[in-house]
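Notes for the one structure printed next.
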Amino acid sequence: MLFSFPPNWPPRALAGLRVRLLNWFDKHQRDLPWRAATDGKRDPYRVWVSEVMLQQTTVAAVVPFFERFVAALPDVRALAAADEQRVLKLWEGLGYYRRARHLYAAARDLVRSHAGELPDDPAVWAALPGVGRYIMGAVLSQAFDRRLPIVEANSLRVLARLFAYRNDPRDGEGKAWVWSAAEAVLPAKRCGDFNQALMELGALVCKPAAPDCGNCPLAGHCEANRLGLQDQIPPKKKPLAITAVNEVGVVIRDGGTVLLCQRPADAGRWQNMWEVPHAPRADGEDVSAAARRVAQELTGLEVEPGTEVLTVKHGVTRYAIALVCVEAERVGGAFAPGAYAAAKWVTPAELAEYPVSAPQRKLMAALTDSNHQGRLF
Ligand code: SF4
17 MLFSFPPNWP PRALAGLRVR LLNWFDKHQR DLPWRAATDG KRDPYRVWVS EVMLQQTTVA
77 AVVPFFERFV AALPDVRALA AADEQRVLKL WEGLGYYRRA RHLYAAARDL VRSHAGELPD
137 DPAVWAALPG VGRYIMGAVL SQAFDRRLPI VEANSLRVLA RLFAYRNDPR DGEGKAWVWS
197 AAEAVLPAKR CGDFNQALME LGALVCKPAA PDCGNCPLAG HCEANRLGLQ DQIPPKKKPL
257 AITAVNEVGV VIRDGGTVLL CQRPADAGRW QNMWEVPHAP RADGEDVSAA ARRVAQELTG
317 LEVEPGTEVL TVKHGVTRYA IALVCVEAER VGGAFAPGAY AAAKWVTPAE LAEYPVSAPQ
377 RKLMAALTDS NHQGRLF
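First residue of the sequence shown: 17, per the working numbering; consecutive thereafter.
Here it is as structure tokens:
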């Protein structure tokens, strides 16, 4: 049976929960760079950048990227005025580059249509690219204390356990339930702190495995704790079936340079970023034959494959990719755009200047690493 919300809690119990959680947050919150406030106010730009980075990425991974990004682009005008390649370069290594492109496009919209202001206005935020309910609630509640809920993996888990919601709160009706729960528990003031407190409790105490109920400020309110159902709520996600993919990447050389290709703006992934040409190998196709074919099909160049540089293993959604990279000499042809939007012959020193994906960065590091057996330069 579905659990309805709000539950039949006396208002005093809900008030007590809010006070306990906020007191705990005041004492235990982590010191994170985007939490800094001036005169009690937080900068909506910094909140926004941090929240976009934190989608799909852990706090520990985000901190250095955030610091580097806001040092280089300290406000929305600086972001809007930057070149997209610079934005992607600053994002390089964080993954999910679509987030960076949306952030950049939204900054340009804000400067063009709202004089570079980041207003306390849900209608403005809702119209920006990449801004969904979560980002809007996170920015407006934290920067302006607007009473808007947020739901992400940590707060979802805390809320489901707190009210012993047994269905899956990630889908359909469960999703609607968890958003209504997040809204109903919000206090009238300190909404941004309360939203963060729920997430922080999930990150530090109410963890997916072995929640520390003995040290939880909400233990006395928590239905899952009372019923001993912490391990069953929320239900575990079915693991994705992983498909193995064998790819070949071709480091095409011409004198002291290698060919870097730019992915087109409509590529499904890593749009406008740079890479050495790569593609899946056919069944039974050997690496040299695949390198020749891939170079020809993707760039129009004829190549003579040489030695293997390295194999980069990485995962993309449900694919486990083994990218075998070989060096190859250009022996004929000229670059023809099509699969790639553009290409450049670059020196080893220039490789670091281009925004590339994490697996391609590993390859490029190996090309110039004096300790690497397969280095070319
Ligand atoms: S009591 Fe346990 S299950 Fe309930 S919110 Fe706290 S840590 Fe999570």
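Ideal placement from N, C-alpha and C gives every residue a C-beta, glycine not left out. Note that the structure is predicted; figures quoted are calculated from it, not measured.
Tell me the rounded alpha-carbon separation between residue i and residue j.
i    : j    : result
M17  : L243 : Note on M17: pLDDT 40, under 50, position unreliable in the model; no value is reported.
A213 : L172 : 12 Å
L106 : R84  : 7 Å
Q312 : C207 : 57 Å
A197 : K360 : 53 Å
P165 : P135 : 18 Å
D184 : N24  : 21 Å
L33  : S129 : 41 Å
V65  : G349 : 44 Å
P406 : L156 : With the chain represented from 17 up to 393, any question about residue 406 goes unanswered, as that position is not in the structure.
L326 : S304 : 14 Å
A355 : G300 : 24 Å
K252 : A122 : 35 Å
G190 : A142 : 23 Å
R177 : G316 : 57 Å
P145 : D187 : 23 Å
L70  : P90  : 18 Å
I258 : T333 : 9 Å
D161 : K205 : 7 Å
C222 : C238 : 11 Å
Q248 : R182 : 8 Å
A154 : V167 : 9 Å
A131 : A368 : 35 Å
P227 : G148 : 29 Å
Opposite residue i in the DSSP bridges: which residues?
i    : result
Y112 : DSSP output for Y112 lists no bridge partner at all.
W193 : Partner(s): none; W193 has no beta bridge.
A336 : A260, G331
R269 : V274, E345
T363 : DSSP output for T363 lists no bridge partner at all.
K57  : T54
W290 : Q278, V372
P319 : According to the sequence as given, residue 319 is Val; it is not Pro. Its beta-bridge partners are R346.
E324 : V342
Check whether the Cβ of residue i lies closer than 7 Å to any heavy atom of ligand 1, and answer yes or no.
i    : result
L37  : no
N170 : no
R34  : no
C277 : no
P227 : yes
V319 : no
Q246 : yes
C222 : yes
V174 : yes
R211 : Residue 211 is actually Asn in this sequence, not Arg. Not so, every heavy atom of ligand 1 lies at least 7 Å from the Cβ.
L234 : yes
R177 : yes
A240 : yes
If I measure Cβ to Cβ from residue i and keep anything under 8 Å in the same chain, skipping five residues before and after, which residues do I get?
i    : result
A307 : V264, V266, V319, P321, V342, A344
K329 : A336, I337, A338, L339
E216 : F41, H44, Q45, R46, N170
R377 : E108, G109
L37  : F210, A213, L214, L217, P233, L234
A219 : V75, N170
E152 : Rather than Glu, the amino acid found at residue 152 in this sequence is Met. Once the five neighbours on either side are set aside, the close Cβ partners of M152 are P138, W141, A142, L164.
First and last residue of the alpha helix (DSSP H) that includes residue i?
i    : result
W64  : 60-70
K253 : Segment: none, K253 is in no alpha helix (DSSP H) and carries neither H nor E.
A355 : Neither: A355 is in no alpha helix (DSSP H) and is coded neither H nor E.
V79  : 75-88
F179 : Unbroken run through F179: none, as it is neither H nor E.
S157 : 149-160
L243 : 239-243
W25  : Counting along the chain, W25 falls outside any alpha helix (DSSP H), and DSSP gives it neither H nor E.
At what residues does the beta strand (DSSP E) containing residue i begin and finish?
i    : result
G208 : Run containing G208: none in the beta strand (DSSP E); it sits in the alpha helix (DSSP H), 207-220.
A274 : With the sequence shown as reference, residue 274 is identified as Val, and Ala is not the correct amino acid for it. Residues 273-278.
H294 : 294-296
Can you give me the Cβ contacts of residue i inside the same chain, cut-off strictly under 6 Å, excluding the 5 residues immediately before and after it?
i    : result
W290 : L276, Q278, Y370, V372
H118 : P145, G146
G331 : none
N262 : R297, A338
Q158 : R58, V63, G208
V194 : V167, L172, L175, P185
L95  : L89, A123
Excluding the five sequence neighbours on either side, which residues of its own chain have a C-beta within less than 7 Å of the C-beta of residue i, listed in chain order?
i    : result
R430 : The requested residue 430 is not part of the displayed model; the chain covers only 17 to 393.
T273 : W361, V362, T363
Q101 : P371
W286 : Y113, R279, S373
For chain B, find out if any of its Cβ atoms is closer than 8 Å to the Cβ of residue i; answer yes or no.
i    : result
A306 : Looking for chain B here will not work: only one protein chain is present.
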